[in-house]
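**Student:** Residue numbers (the working numbering): 10 to 244.
Before anything else, here's the structure in question.
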Amino acid sequence: MTERQNTEDTQIVIAGGFSSGKSSFLNQITKCAKLLPTGTDPVSVVKTYLYCSNNVNKVSVKGVNQKNVLVDLDLGVLQAIQHANKSNIYLASVLDMLFVKVPSTKLSGLVFIDTPGYNNSDKVNESNGKTDRETAVEALREGNVLFWFIGSDRTTVTNDDLDIIKQFNGKKVIIFNKADKHGYEESKKIVEDGSKIVFEKFPKEEIIDVLAYSTLEDKVYYSKNDLTMERIFEL
């Protein structure tokens, strides 16, 4: 719990719409291919904090339960954080949040806060009494930087996106994910059009970048500010 209050680390909120590739992105950049569950069905439902550190040599997991007690957990618990169904554990009914330590030299000092897709459903989850939107907005209050993900099925920044992004007070990166499905030329157009919307709504100094990225290839197809993902992390 003391680590969670640590303000020395840069805390990056990973947020956006359902199926925009947020968890896949985290698996890619941490080089832990199966760290977080992914798929076309809604998955993340418990707020998950990934602490990247060059002082650890293996992944470890702790959780805060509904009694506000910090407990050690098996690594396999991360595969059960998805929405409850008949075949998996109703994890969110017993856990409020998860803390994961990930060994990483390049990302040391960064904390990634994974959130559920804000637009998955307006229904309250039976397991934790919250909508996914409420869980995502809660996380926005904790981060220093926002990485806002937009999936390949949407090629613009919508009003719904803007309504949530406006609730974040800090630097922002807008990421059109799965750019490999569009290619360079279409990705460039998507970013340029999206940038016009973003810069109309937010001060330029708040926007680190607007870019098209492929999690599958770990590649930036087009960046409005001509930045790589590595350069963004250095900033």
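Where a beta carbon is used, it is the ideal one built from N, C-alpha and C, also for glycine.
Note that the coordinates shown come from a computational prediction; the quantities given were computed from them, not determined experimentally.
What first and last residue would you give for the alpha helix (DSSP H) that runs through N74?
**Tutor:** Indexing the sequence shown from 1 puts residue 74 at position 65. Taken as a continuous stretch (DSSP letters only), N74 belongs to no alpha helix (DSSP H), being part of the beta strand (DSSP E) at S69 to N74.
**Student:** Look at the Cβ atom of D170, then the Cβ atom of I23, and state whether they are nearer than 7 angstroms.
**Tutor:** Walking along the sequence shown from the start, residue 170 turns up at place 161. Walking along the sequence shown from the start, residue 23 turns up at place 14. Contact: no.
**Student:** Just how far apart, CA to CA, sit L104 and L59?
**Tutor:** As a working mapping, residue 104 is identified with position 95 in the sequence shown. As a working mapping, residue 59 is identified with position 50 in the sequence shown. C-alpha separation (whole angstroms): 16 angstroms.
**Student:** Could you work out which residue in V78, P125 and N63 is closest to G118 when comparing CA atoms only?
**Tutor:** Translated into the one-based positions of the sequence shown, residue 118 becomes position 109. Nearest option by C-alpha distance: N63.
**Student:** Across which residues does DSSP place F121 in a beta bridge pair?
**Tutor:** Translated into the one-based positions of the sequence shown, residue 121 becomes position 112. Answer is I21 and L59.
**Student:** Taking the alpha helix (DSSP H) that V207 belongs to, which residues open and close that run?
**Tutor:** The residue given as residue 207 occupies position 198 in the sequence shown. Residues Y193 to K210.
**Student:** Could you compute how far the alpha carbon of A188 sits from the alpha carbon of W157?
**Tutor:** Reading the sequence shown from its first residue, position 179 is the one you call residue 188. Reading the sequence shown from its first residue, position 148 is the one you call residue 157. Rounded to the nearest angstrom, the two C-alpha atoms are 15 angstroms apart.
**Student:** Quick one: using the 10 Å Cβ neighbour count with 16 as the cut-off for buried, is G85 buried or exposed?
**Tutor:** What you label residue 85 is simply residue 76 of the sequence shown in a count that begins at 1. That one is exposed.
**Student:** Between the beta-carbon of I241 and the beta-carbon of S29, is there less than 7 angstroms?
**Tutor:** Here the question's residue 241 lines up with position 232 in the sequence shown. Here the question's residue 29 lines up with position 20 in the sequence shown. It is not a contact, given that the beta carbons lie outside the stated cut-off.
**Student:** Relative to the C-alpha of V166, which residue among F185, K40 and G152 is closest?
**Tutor:** Within the sequence shown, the letter at position 157 stands for residue 166. Residue F185 is the option with its Cα nearest to V166.
**Student:** DSSP on F177, reduced to helix/strand/coil?
**Tutor:** Walking along the sequence shown from the start, residue 177 turns up at place 168. DSSP places F177 in coil when its eight states are reduced to three.
**Student:** Just to confirm, are V200 and Y231 a CB contact at a threshold of 7 angstroms?
**Tutor:** Here the question's residue 200 lines up with position 191 in the sequence shown. Here the question's residue 231 lines up with position 222 in the sequence shown. Closer than 7 angstroms, so yes.
**Student:** With DSSP as the reference, please indicate the residues paired to K213 in a beta bridge.
**Tutor:** The residue labelled residue 213 in the question sits at position 204 within the sequence shown. DSSP, once it has assigned bridges, lists no residue as partnering K213.
**Student:** Please return the same chain residues whose Cβ sits closer than 6 angstroms to the Cβ of N234, not counting the five positions on each side in sequence.
**Tutor:** To locate residue 234, count along the sequence shown from 1; it is residue 225. D218, listed in sequence order.
**Student:** Cα-Cα, which of V111, V146, D18 and T57 is closest to S69?
**Tutor:** The residue given as residue 69 occupies position 60 in the sequence shown. Closest by alpha carbon: V111.
**Student:** I'd like to know whether the C-beta atoms of D81 and K71 end up nearer to each other than 7 angstroms.
**Tutor:** Start at 1 with the first residue of the sequence shown, and residue 81 comes out as number 72. Start at 1 with the first residue of the sequence shown, and residue 71 comes out as number 62. In contact: D81 and K71 (Cβ atoms closer than 7 angstroms).
**Student:** Could you tell me the alpha carbon to alpha carbon distance between F211 and K56, rounded to whole angstroms?
**Tutor:** Here residue 211 corresponds to residue number 202 of the sequence shown, with the count starting at 1. Here residue 56 corresponds to residue number 47 of the sequence shown, with the count starting at 1. Distance between the alpha carbons of F211 and K56 is about 27 angstroms.
**Student:** Under the assumption that I21 contacts V120 (Cβ atoms under 8 angstroms), give the Cβ distance between them as a whole number of angstroms.
**Tutor:** For the purposes of this step, residue 21 is taken as residue 12 along the sequence shown, with counting starting at 1. For the purposes of this step, residue 120 is taken as residue 111 along the sequence shown, with counting starting at 1. Right, the Cβ-Cβ distance comes to about 7 angstroms (below 8 angstroms), so this counts as a contact.
**Student:** Looking only at DSSP bridge pairs, what is K228 linked to?
**Tutor:** Residue numbering aside, residue 228 sits at position 219 when the sequence shown is read from its first letter. DSSP, once it has assigned bridges, lists S223 as partnering K228.
**Student:** What did DSSP end up calling L35 once you bin it into helix, strand or coil?
**Tutor:** Stepping through the sequence shown from its first residue, residue 35 is reached at position 26. Helix at L35.
**Student:** Distance, Cα to Cα, K115 vs Y193?
**Tutor:** Position 106 of the sequence shown, counted from the first residue, corresponds to residue 115. Position 184 of the sequence shown, counted from the first residue, corresponds to residue 193. Using only the alpha carbons, I get a separation of about 27 angstroms.
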